[in-house]
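**Student:** Heads up, the first sequence is in our numbering, so the first residue is 32 and it goes up one at a time.
Think of the CB as a built atom: it goes at the ideal place given N, C-alpha and C, for glycine as much as any other residue.
Let me begin by handing over the structure; questions about it come next.
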Amino acid sequence: MIDIRQVRKDSDAVKRALARRGIDPSEVDRLVELDRRARAATGTRDELRSSVKALSRQVGEARRAGQTEEAQALSERSRALGDEERTAHLLADEARDVVRRTLLYLPNLPAGDAPDGRGPEDNVITRTWPDSPPSYSASQRVPHWEIGIALGLLDMERGAKLSGSMFPLYRGFGARLLRALTTFALDRHATAFEEIRPPSLVLTDTMVSTGHLPKFEEEAYHLERDDLWAIPTAEVPLTSMWRGDILDESELPVRLMAATACFRRESGAAGRDTRGLLRVHEFDKVELFAYVTPDQAPEVLHELVDRAESLLRELGLQYRVLDLCAGDMGNAAARTFDLEVYAPGADQWLEVSSVSWCSDYQARRANIRYRPASGSGPVFVHTLNGSALAWARIWAALVETGRRADGSVELPEALAPYLRGETVIPVPQGAVRREER
RNA sequence: GGAGGGAUGCGAGAGUGGCCGAAUCGGACGGUCUCGAAAACCGUUGUGCCCCCUGGGUACCGUGGGUUCGAAUCCCACUCCCUCCGCCA
Numbered sequence: 032m033i034d035i036r037q038v039r040k041d042s043d044a045v046k047r048a049l050a051r052r053g054i055d056p057s058e059v060d061r062l063v064e065l066d067r068r069a070r071a072a073t074g075t076r077d078e079l080r081s082s083v084k085a086l087s088r089q090v091g092e093a094r095r096a097g098q099t100e101e102a103q104a105l106s107e108r109s110r111a112l113g114d115e116e117r118t119a120h121l122l123a124d125e126a127r128d129v130v131r132r133t134l135l136y137l138p139n140l141p142a143g144d145a146p147d148g149r150g151p152e153d154n155v156i157t158r159t160w161p162d163s164p165p166s167y168s169a170s171q172r173v174p175h176w177e178i179g180i181a182l183g184l185l186d187m188e189r190g191a192k193l194s195g196s197m198f199p200l201y202r203g204f205g206a207r208l209l210r211a212l213t214t215f216a217l218d219r220h221a222t223a224f225e226e227i228r229p230p231s232l233v234l235t236d237t238m239v240s241t242g243h244l245p246k247f248e249e250e251a252y253h254l255e256r257d258d259l260w261a262i263p264t265a266e267v268p269l270t271s272m273w274r275g276d277i278l279d280e281s282e283l284p285v286r287l288m289a290a291t292a293c294f295r296r297e298s299g300a301a302g303r304d305t306r307g308l309l310r311v312h313e314f315d316k317v318e319l320f321a322y323v324t325p326d327q328a329p330e331v332l333h334e335l336v337d338r339a340e341s342l343l344r345e346l347g348l349q350y351r352v353l354d355l356c357a358g359d360m361g362n363a364a365a366r367t368f369d370l371e372v373y374a375p376g377a378d379q380w381l382e383v384s385s386v387s388w389c390s391d392y393q394a395r396r397a398n399i400r401y402r403p404a405s406g407s408g409p410v411f412v413h414t415l416n417g418s419a420l421a422w423a424r425i426w427a428a429l430v431e432t433g434r435r436a437d438g439s440v441e442l443p444e445a446l447a448p449y450l451r452g453e454t455v456i457p458v459p460q461g462a463v464r465r466e467e468r
């Protein structure tokens, strides 16, 4: 969440920043007023408590001095104040709660250098790779859901049979490819990042810390009986690893990576991009994550983008980098770069990575701080996260890009060590060769 | 699932009703000493809120309730950790 003190001190700047994300300035005015009331209520409560405490002390003293009547009188006054305190306490708690809830629903302030804009159409394409767009042959213009069936790699129907639509089921070489991609990526980052295998189900607090709750409850799978949430990204558990802790500046940056399944209800996206792997409820992803000092943030942000990009280059996939505009960034982000690969068969750009700098928005929610080397009081860390990469869509792009005239698929050399050297997915014996378009 | 023990400041850990925001040790930071360092000694060292803001006040001892004039301390519930038993990939 954003800093309530900043809201108090410089509400105009906060209004301007949030307006870039489409938040009405009156929301901020309302928050300022709620905060004012909450602080007043807390003050009243504190004063009452202090009086009760002082009177109680006198009761004790009077008792010890043997002044029973005096003690009795003081005790009665204290009791009356105590009743008042109870009410004041309730009011103060309620007022603070309203402020916190309001704060939890507000998105992060966008970074000054994030482009202006209202939605996806205003994102800025900062670079593309390779420099000149490759040309694709007819054999590459076959969508992965068809290739998947022809080569026995993907069985969406049986996935749906088990779990409903948009739950993919990979088979044979298709399943192996997915596993190879995860290992490939983890190996590439292993020198700089500690590998974590976090739980896939997390507590409500863990989801609130990243900003996925309470606002986006509809997007997540929830196990009601145990009040646990299926993680939409490894960013969620990784952010909470040091929840409530104070780190030492010398420990920063903390760099973590995790391969996990990611679960998304995609509730608002019914009917969109439903073919094949374009949009699925469960997918595997390698996530990079860092806790840093504010000074370290810009450098690490670019490092994460670089790492995701270099994987794409090794995989030989055409891609572009988008600098997301203020209106299109995720709730917690101050700055976001999206990486999209081109899938020639589906003829679409697919988002395969989103790298975000969340400033102290998540750290404040999760209460993660560090003690600066200067010895001053603890300050909130900054968090950064980035996919490197989301494999379902990479899988789709690889299979389409690598498809050859004979229907087989050639995979990049970089994956050879992870596929026992087999970089060609063969056409099964006896398969009916698909008519070329 | 059953039985028992526990949760206190940066860490360890004392504190069983008022004199406790909290002993002690350790860490970190500052100082004395030193050519420098170590050792030793001295000092400082949680967070939020409020105010008449070089200072003062107040709240916070896992979370939420309760008892009491008064709770870190007593009672209840919950969460988490540890030990033992049961079950189990």
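Closest by CA to PRO268, which one among ILE156, CYS293, LYS246?
**Tutor:** CYS293
**Student:** What are the residues that DSSP puts in a beta bridge with GLY417?
**Tutor:** LEU319, VAL386
**Student:** Is the beta carbon of LEU429 less than 8 Å from the beta carbon of VAL317?
**Tutor:** Cβ atoms of LEU429 and VAL317: not closer than 8 Å.
**Student:** Do you know offhand how far SER271's Cα is from ARG435's?
**Tutor:** 45 Å
**Student:** Check each candidate in ARG76, GLN349, THR264 and name the one with the smallest Cα separation from PRO229.
**Tutor:** THR264
**Student:** Which of the three DSSP states, helix, strand or coil, is assigned to ALA265?
**Tutor:** coil
**Student:** Could you please give me the residues that DSSP links to CYS293 through a beta bridge?
**Tutor:** PHE314
**Student:** Buried or exposed, going by whether 16 or more other CB atoms sit within 10 Å of the CB of ARG117?
**Tutor:** exposed
**Student:** With three or more C-beta pairs closer than 8 Å as the rule, is the region 167 to 178 touching the region 275 to 282?
**Tutor:** no
**Student:** Just mark GLU467 as buried or exposed, buried being the case when its beta carbon has 16 or more other beta carbons within 10 Å.
**Tutor:** Interpretation of GLU467 is limited by its pLDDT of 44, a score under 50 that renders its predicted location unreliable; the figure taken from the coordinates is listed afterwards. The residue in question, GLU467, is exposed, as its Cβ has fewer than 16 Cβ neighbours within 10 Å.
**Student:** Relative to the alpha-carbon of ARG402, which residue among ASN416, PRO325, SER439 has its alpha-carbon at the smallest distance?
**Tutor:** It is PRO325 whose Cα lies nearest to the Cα of ARG402.
**Student:** Below 8 Å on the Cβ atoms is my guess for GLY17 versus SER387; work out the distance and round it to an integer in Å.
**Tutor:** Since the displayed the chain opens at 32 and closes at 468, residue 17 lies outside it and no answer follows.
**Student:** Assuming ILE399 and ARG286 make a contact with CB atoms under 8 Å, what is their CB distance in whole Å?
**Tutor:** 15 Å between Cβ atoms; not a contact.
**Student:** For the alpha helix (DSSP H) containing ASP124, name the first residue and the last one.
**Tutor:** Boundaries of the alpha helix (DSSP H) harbouring ASP124: 99 to 136, taken from the DSSP string.
**Student:** Report the option in TYR373, GLY183, PRO443, GLU371 whose CA atom is closest to the CA atom of GLY461.
**Tutor:** GLY183
**Student:** Does the region 202 to 220 come close enough to the region 359 to 376 that 3 or more CB-CB pairs lie under 8 Å?
**Tutor:** Contact fails: fewer than three Cβ-Cβ distances are below 8 Å.
**Student:** How many angstroms separate the CA atom of VAL440 from the CA atom of THR432?
**Tutor:** 8 Å
**Student:** Have a look at the DSSP bridge pairing and note the partners of LEU370.
**Tutor:** Partner residues in the beta bridge of LEU370, as assigned by DSSP, are VAL352, SER384.
**Student:** Just confirm the distance between the C-beta atoms of PHE314 and TRP422, as a whole number of angstroms; I'd bet it's less than 8 Å.
**Tutor:** 6 Å
**Student:** List the residues that DSSP assigns as beta-bridge partners of TRP260.
**Tutor:** VAL233, HIS253
**Student:** Measure the alpha-carbon distance for LYS84 versus ALA96 and round it to whole angstroms.
**Tutor:** Cα-Cα distance, rounded: 19 Å.
**Student:** So which of ARG61, ARG67, LEU122, CYS389 has the shortest CA-CA distance to ALA142?
**Tutor:** CYS389
**Student:** Return the chain-ordered list of same chain residues with a C-beta closer than 8 Å to the C-beta of VAL455, the five sequence neighbours on each side being excluded.
**Tutor:** SER439, VAL440, GLU441, LEU442
**Student:** Decide if the region 156 to 165 is in contact with the region 50 to 63; the criterion is three or more beta carbon pairs, one per stretch, under 8 Å apart.
**Tutor:** no
**Student:** Kindly indicate which residue of HIS243, PRO245, TYR350, THR235 has the alpha-carbon position closest to the one of ASP257.
**Tutor:** THR235
**Student:** Nearest by alpha-carbon distance to SER166: which of ALA145, GLN349, ASP359, LEU420 is it?
**Tutor:** GLN349
**Student:** Since PRO138 contacts ARG39 with CB under 8 Å, what's their CB separation in whole angstroms?
**Tutor:** About 18 Å separates the two Cβ atoms, so there is no contact after all.
**Student:** Please list the terminal residues of the continuous alpha helix (DSSP H) segment that includes TYR392.
**Tutor:** 392 to 397
**Student:** Classify GLN393 as buried or exposed, calling it buried when 16 or more other Cβ atoms lie within 10 Å of its own Cβ.
**Tutor:** buried
**Student:** Cα separation between ILE425 and VAL383?
**Tutor:** 7 Å
**Student:** Would you tell me roughly how many angstroms separate the C-alpha atoms of GLY242 and GLN98, rounded to the nearest one?
**Tutor:** 58 Å
**Student:** Report buried or exposed for GLU125, applying the criterion of at least 16 other Cβ atoms within 10 angstroms of its Cβ.
**Tutor:** exposed
**Student:** Which residues bound the beta strand (DSSP E) around ILE178?
**Tutor:** Per DSSP, ILE178 belongs to no beta strand (DSSP E); it is in the alpha helix (DSSP H), 175 to 181.
**Student:** What is the C-beta distance between VAL311 and PHE198, in whole angstroms, given that I count them as a contact (C-beta under 8 Å)?
**Tutor:** 7 Å
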